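Counted the way the working numbering counts, the sequence shown spans residues 116 to 243. The beta carbon of each residue, even a glycine, is placed where N, CA and C say it ideally should be. These numbers were taken from a predicted model, which means no experiment stands behind them. Working notes for the structure below.
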Amino acid sequence: DRPRAAIGDTDARSPSAGKAKWWQVWLKAACVTLFVLGYVALVVFLAAEAIRARANVQELPPAGPACDDKVCPMETVCLTDGAMGLPRCASNSSQNAQTLELILGIVAGMPAVVCLPCTEHWAMRKGC
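Shown next as structure tokens:
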């Protein structure tokens, strides 16, 4: 029950109603470009940090005889501490590298699983 549009009125049915202005197109393109560049920079940074953390992984000294009876939690190793030879549990030096690799897998993997198929579907429908 809307009133009919008079001649010269613009409404949703007019050809110019849905068209974006040139600066809106450029702003949208700039925002998308900045987002993609930021994402790529984040992935490159995380990959470089993961490689650096993997390179810094140190070999742990062999456990002494005192560690035979010591039960350590998962992802930790038993080390003999100091001159007294007391056993203690220490975190593995590769945990930082594993955490960075997990974060990198999430940051790079989620868009690969979600965005790429959607983009491919969109491109196929548009005929690109």
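- Per DSSP, reduced to three states, the secondary structure at Cys230 is helical.
- When DSSP states are grouped into helix, strand and coil, Cys187 belongs to the coil group.
- Counting C-beta atoms within 10 angstroms of its own C-beta, Cys193 has 16 or more neighbours from the protein chains shown and is therefore classed as buried.
- The Cβ-Cβ distance between Thr195 and Ser206 does not fall below 8 Å.
- For Thr214 and Lys134, the gap between their C-alpha atoms comes out near 47 Å.
- For Ala135, the secondary structure class from DSSP, reduced to helix, strand or coil, is coil.
- Each residue's CA atom was taken as its position, placing Leu217 and Val186 some 27 Å apart.
- DSSP places Cys182 outside any beta strand (DSSP E), giving it a letter other than H or E.
- CA-to-CA, the gap between Gly220 and Val172 works out to about 19 Å.
- Straight-line measurement puts the Cα of Phe150 at about 39 Å from the Cα of Met189.
- The residues Leu215, in chain order, have a CB closer than 7 Å to that of Glu164 in the same chain once the five nearest residues on each side in sequence are set aside.
- In the DSSP assignment, Ala205 falls within the unbroken beta strand (DSSP E) covering Leu201 to Ser206.
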